[in-house]
DNA sequence: GTAAAATATGCAACTTAGTTGCAAATATTT
DNA sequence: AAATATTTGCAACTAAGTTGCATATTTTAC
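Residue numbers (my numbering), protein chains in the order written: chain X, 17 to 157; chain H, 17 to 157.
This is the structure we're talking about:
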């Protein structure tokens, strides 16, 4: 897929979500598509090349993408939130995220999926489930 | 269990872990025992009564308790880390944490446990697994 | 195509979480 | 009770994330 193909795709995603097609949103979507794993605001900023956007803009852009379900927030050991494309995630569950305790890298383990937790008797209604895994990656094992 | 019984218990836990029995550690353990759910530094501070400890002390205390496995870090939707007693948690998995999307309260669902994820072929070694659930609590459902 | 309306962006200033270094205080060991 | 080991408080700092407002860009209506 060429660069402009990806950009076309980003534009379609934004249009379908009824969001303005702005350079910020397109760029950030491209960065996330190419990364294929959760990135923090800071990482997104560094990867968005010459047209660096303001920190506030990145946060607000992520918020808008989040509000229409184009991205997800992933919980990580790091203090900052990480964001990733909502690709292949269902309403109820995304793939588990694996963080290597040795090198610190995070991977999306799209091959794995755990059964959804069953609500306990007391009347809890479970809508979504997120799973975080820790251990050693192939390079560090 | 009376207040001093709890304190005795805290002292035993610290002694077994070969940590100095200081008023800060005892107090913070008591707060966590009474809470029964993950608390942030800020919440711990508010709940530790008259002998409020310095923010830095609380962080360092939690760190020491963490290092000997007496407490766990829980990931939450909030920006701050939350800590809880490592009660009933195995090496590999703790109970899932449930956060109500309506009222924001967090519960420890000790009745639920998911099977551990199986390592995918590629050579990942999974050591620990954490599960976060979202939905409606009995009061909000 | 252009003007008006709707929304996004940048900047400055702010809040909150968490950390570091160092001197003073407290806990344990002898 | 003194010496040693460890913890605590304070001040000052870093980094993540937010808010308000003026300006710029995108879309819509004509």
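Beta carbons are placed, not taken as given, at the ideal position from N, Cα and C, and that holds for glycine.
Considering only the beta carbon of each residue, do residue i and residue j sit closer than 8 Å?
{"i": "residue 29 (chain H)", "j": "residue 86 (chain H)", "result": "yes"}
{"i": "residue 65 (chain X)", "j": "residue 143 (chain H)", "result": "no"}
{"i": "residue 48 (chain H)", "j": "residue 99 (chain H)", "result": "yes"}
{"i": "residue 74 (chain H)", "j": "residue 136 (chain X)", "result": "no"}
{"i": "residue 133 (chain X)", "j": "residue 101 (chain H)", "result": "no"}
{"i": "residue 146 (chain X)", "j": "residue 91 (chain X)", "result": "yes"}
{"i": "residue 93 (chain X)", "j": "residue 115 (chain X)", "result": "yes"}
Output, in chain order, the set of chain H residues within a Cβ distance shorter than 8 Å of residue i.
{"i": "residue 142 (chain X)", "result": "114, 149, 150 and 151"}
Residue i and residue j look like a contact to me (Cβ under 8 Å); what is the Cβ gap, rounded to whole Å?
{"i": "residue 148 (chain H)", "j": "residue 113 (chain H)", "result": "6 Å"}
{"i": "residue 26 (chain H)", "j": "residue 45 (chain H)", "result": "4 Å"}
{"i": "residue 71 (chain H)", "j": "residue 82 (chain H)", "result": "That pair is no contact at about 16 Å."}
At 9 Å on the CB atoms, spell out the chain H contacts of residue i, in chain order.
{"i": "residue 146 (chain X)", "result": "91, 146, 147, 148, 149 and 150"}
{"i": "residue 54 (chain X)", "result": "Those do not exist, as residue 54 (chain X) stays about 13 Å from chain H at its closest Cβ, beyond 9 Å."}
{"i": "residue 166 (chain X)", "result": "Because chain X in this structure spans residues 17 to 157, residue 166 (chain X) falls outside the shown range and cannot be described."}
Can you pull the chain X neighbours of residue i, defined as C-beta to C-beta under 7 Å?
{"i": "residue 157 (chain H)", "result": "139 and 141"}
Any heavy atom of the ligand ATP closer than 7 Å to the Cβ of residue i?
{"i": "residue 144 (chain X)", "result": "You won't find the ligand ATP in this model; it holds no ligand whatsoever."}
Check: If we count Cβ pairs, one from each stretch, closer than 8 Å, do we get three or more for the segment 106 to 113 of chain X versus the segment 58 to 70 of chain X?
Finding: no
Next item on the list: Determine, using beta-carbon pairs with one atom in the segment 112 to 125 of chain H and one in the segment 146 to 156 of chain H, whether at least three such pairs fall under 8 Å.
Entry: yes
Next item on the list: With 7 Å as the limit, tell me which residues of the segment 88 to 116 of chain X have their beta carbon closer than that to any beta carbon of chain H; keep them in chain order.
Entry: 91, 112 and 114
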